[in-house]
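Position one of the sequence shown corresponds to residue -3 (my numbering), numbered consecutively onward.
Just so you know, even glycine gets a beta-carbon here, dropped at the ideal spot from N, CA and C.
These numbers come from a predicted model, not from an experiment.
Data first, discussion second: the structure below is written as structure tokens.
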Amino acid sequence: MATSTTKKEATSKRKITRRAKPKKKLVIVESPSKAKTIGKFLGRSYKVVASLGHVRDLPKSRMGVDIENDYQPDYISIRGKGDVIKELRKDAKNAKAVYLASDPDREGEAIAWHVSNILKLDDSEKNRVTFNEITKDAVKEAFNEPRTINMDLVDAQQARRVLDRLVGYSISPILWKKVKKGLSAGRVQSVALNLIIQRENEIKNFKPEEYWTIDAEFKHNKDKFKAAFYGESGKKVSLKNNDDVQRVLGKLDKNKDFQITKVTKRERKRQPQPPFTTSTMQQDANRRLNFRTRKTMMTAQMLYEGIDIKQGAAVGLITYMRTDSTRIASVAKHEAATFIHEEYGDEYAAIKPIKGKLPEGAQDAHEAIRPTSVFRTPAKMKPYLTNDQYKLYNLIWSRFVASQMTPEIIDTMNVNLQQNNVEFRASGSKVKFPGFTKVYKRGKEQDNLLPELNEGDSAVMISDDPAQHFTQPPARYTEAALIKTLEENGVGRPSTYAPTLDTIQRRYYVRLVSRHFEPTELGEIVNTIIEKQFPDIVNAKFTADVEGKLDQIEEGKQDWVRVVDKFYQPFSKEVNTAESEVAKIEMKDELAGMDCDICGAPMVIKMGRYGKFYACSRFPNCRNTKAIVKDTGITCPKCGQGTVVERKSKKNRIFYGCSRYPDCDFVSWDKPIGRNCPKDGHFLVEKKIKGGTQVVCPNGDYAETPQK
């Protein structure tokens, strides 16, 4: 009996052993899409979950920084993340090991540190995994070399967070008290706003100066070509008015030929640009694709985290998209060279590809933005991508491939023509070898050929065309131009540009008009207060110096508490002064000149998030509001009874509709002009084009000459 019992127990134990599931290794990333991609690479022995970004942060309701105790931050769990944290703790408890695989930058390191804290992981444990691209080889290699959390990176991010909190939660309450509720101020956003307003002041104070040009058409044998007035007796001469023009033309003899005194032929090389950094990607996507900065970064994030290709096989198509480096891994260079040799020929592959110059203060922590495999061409990937993803991937892929190619070679020809010491000059060019432009063109390129001319030849002036011009003020900033200026000044870092531009628009400090930033009245008021009371905050050089110190914290060369203290001590004195010196600014409501159609009280004009609007003066007792519309005076082309009015969408974009809405639902993004198309009778609209406007038929059958 005893033997029988022992056999039963042994059998029972074996059954229990077989039923026990082996523990998996837990990997924590930020996003579900990234978790899905990495999970397929690592296999069944790993469980990959998402923290959905940060799990802890400073409280929103108070400063959350203990100024008296070395600026220690009081981190709390982010509201709404309770269930996520609970699941992470449960998964970590049942895991064989825990790996933290958030993004490879300061913010990613800080996320890993916060997750480690809530899970109470051992600080000395090598559980931090980073990779610059989400491909099978890169991910597996990273898991072979885990490291401890880099506290220098964490401290650099922590210092930025604390500095931004000290600035925001010190200046914002002053703006609330002195101007209106809901306003905010920040280190980088204040500099961006100040740059926009400085440019606006330059435009307002600009005094145009008159100048003239003389373009002429010449004939040599049967060939015609154009040249422009250069100067007299070999020296360049500026034509300031019509008298100067008439004096020059008076020297010319219409019966006398011009002599060609000099012909210069050269071969010019045009080098490709280096692969994208974050800011150059944002700039090019804005210029070429008309992408807003936030849209560019969201789309790039999706390309980085992984796209499903070939029956659910997910792979990251680009390397990490937050970088200020133009460095390229040797393996990527070799792959690109192989591709270029095979696809375009030996003469297109650069022996020594161009090296980009790093901006001052660049961290060079990651590679440039490039495709993870150059053999995944945009054409091959197009079926798996959305339209926006395809456009951005094509831009990134083309820029990278072009950076590894040979220069474009252009034959140039410059010709000097003289008569009575009056000199005209003509220039022509022709592409001899396309080089990198085979893949990535830099603007519209067109051959401008001159006839075959030699020194000693003569040419006849057929016509002259004097034109009056006036110097133009500097252009308002586009998103691309503002990012470029911020980067050149060392203000902010790759990850800060998108949220900075988003914030100053959400606060209605600036608005985008025809893709250019214009400051609002509210923005100018806020800037005036900050500029006067906190001059360092809007000083680009000072802000760049702070960024430099954050970089030194990351490198272990500075203590983060000392950096914060050195900033805060003088800043806190400015805060105390501002609280007593800044006078309250009354943003008085303007009378709208009409009565409320609900209660009969006068309507007023108020300032809101998206600009001014009509509201009842009895608010909050009466909550009647109306959008302010601009009447164009043009009869509605649909109903013929109302007029076309200018309105704004929820995203602050101008469109045109009927004043009788909702009785008439006419709507158009382009402004109707009150005339019909001579071909099909459809109403014509005024469409904005580069450099002016053009009257067109929406059906595409008719277009008039563009107006500048």
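- If you draw a straight line from the Cα of Arg124 to the Cα of Leu54, it comes to about 23 Å.
- A check of alpha carbon separations from Asn197 across Lys122, Thr492, Leu285 and Arg472 identifies Arg472 as the nearest.
- In the structure shown, His337 adopts helical secondary structure according to DSSP, grouped into three states.
- Per DSSP, the unbroken beta strand (DSSP E) holding Gly629 starts and ends at Lys626 to Thr631.
- DSSP places Val427 within a strand segment (E or B) once states are collapsed to three.
- Remark: fewer than three beta-carbon pairs, one from each stretch, lie closer than 8 Å, so the segment 512 to 519 and the segment 550 to 559 are not flagged as touching.
- For Tyr95, the enclosing beta strand (DSSP E) covers residues Ala93 to Leu96.
- Contact between the segment 575 to 587 and the segment 225 to 235 is not established, with fewer than three Cβ pairs separated by less than 8 Å.
- Distance from the CA atom of Ser98 to the CA atom of Leu191, rounded to whole angstroms, is 34 Å.
- In the structure shown, the three-state DSSP call for Tyr300 is helix.
- Annotation for Pro28: Ala46 place their beta carbon closer than 6 Å to its own, counting only its chain and skipping 5 residues before and after.
- According to the DSSP secondary-structure assignment, Gln415 is paired through a beta bridge with Val418.
- At a Cβ-Cβ threshold of 7 Å, Val640 and Val625 do not count as neighbours.
- Cβ neighbours of Leu48 within its own chain (closer than 6 Å, five residues either side excluded): Val80.
- Per DSSP, Pro702 lies in no beta strand (DSSP E) and is assigned neither H nor E.
- For Lys667, the secondary structure class from DSSP, reduced to helix, strand or coil, is strand.
- By the C-beta criterion, the segment 307 to 317 is judged to be in contact with the segment 129 to 142, since at least 3 inter-stretch pairs fall below 8 Å.
- Ile581 sits in coil when the DSSP states are folded into three classes, being neither helix nor strand.
- Runs of beta strand (DSSP E) with 3 or more residues, each lying fully within the segment 479 to 549, are found at 506 to 509 and 512 to 515, listed in chain order.
- Here the C-alpha atom of Val506 lies approximately 15 Å from the C-alpha atom of Arg288.
- The Cβ-Cβ distance between Ala422 and His216 does not fall below 7 Å.
- Rounded to whole angstroms, Leu381 and Ile601 show a C-alpha spacing of 46 Å.
- Separation of the CB atoms of Ala476 and Arg283 is rounded to 5 Å, and the pair is thereby assigned contact status at 8 Å.
- Taking 7 Å as the cut-off, the beta carbon of Ile533 is found closer than this to the beta carbon of Ile526.
- Three or more Cβ pairs drawn from the segment 401 to 410 and the segment 421 to 438 lie within less than 8 Å of each other, which places the two stretches in contact.
- Scanning the segment 129 to 156 for uninterrupted alpha helix (DSSP H) segments of 4 residues or longer gives 132 to 140, listed from N- to C-terminal end.
- In this structure, Ala364 places its C-beta atom within 7 Å of the C-beta atom of Ile324.
- Just so you know, the alpha carbons of Lys528 and Val509 end up roughly 28 Å apart.
- Membership of Arg372 in any alpha helix (DSSP H) is not indicated, and neither H nor E is assigned to it by DSSP.
- Between the segment 329 to 341 and the segment 151 to 161, the count of C-beta pairs closer than 8 Å stays below three; the two stretches do not touch.
- Where His216 is concerned, the enclosing beta strand (DSSP E) starts and stops at Glu206 to His216.
- At the C-beta level, Ala93 and Lys43 stay beyond 7 Å of one another.
- The count of Cβ pairs closer than 8 Å, one atom from the segment 254 to 267 and one from the segment 444 to 461, reaches three, so the stretches are in contact.
- Contact annotation: Gly552 and Asp148 have beta-carbon atoms nearer than 7 Å.
- Under the three-state reduction of DSSP output, Gly178 falls in the coil class, being neither helix nor strand.
- The Cβ atoms of Ser459 and Glu213 sit closer than 7 Å to each other.
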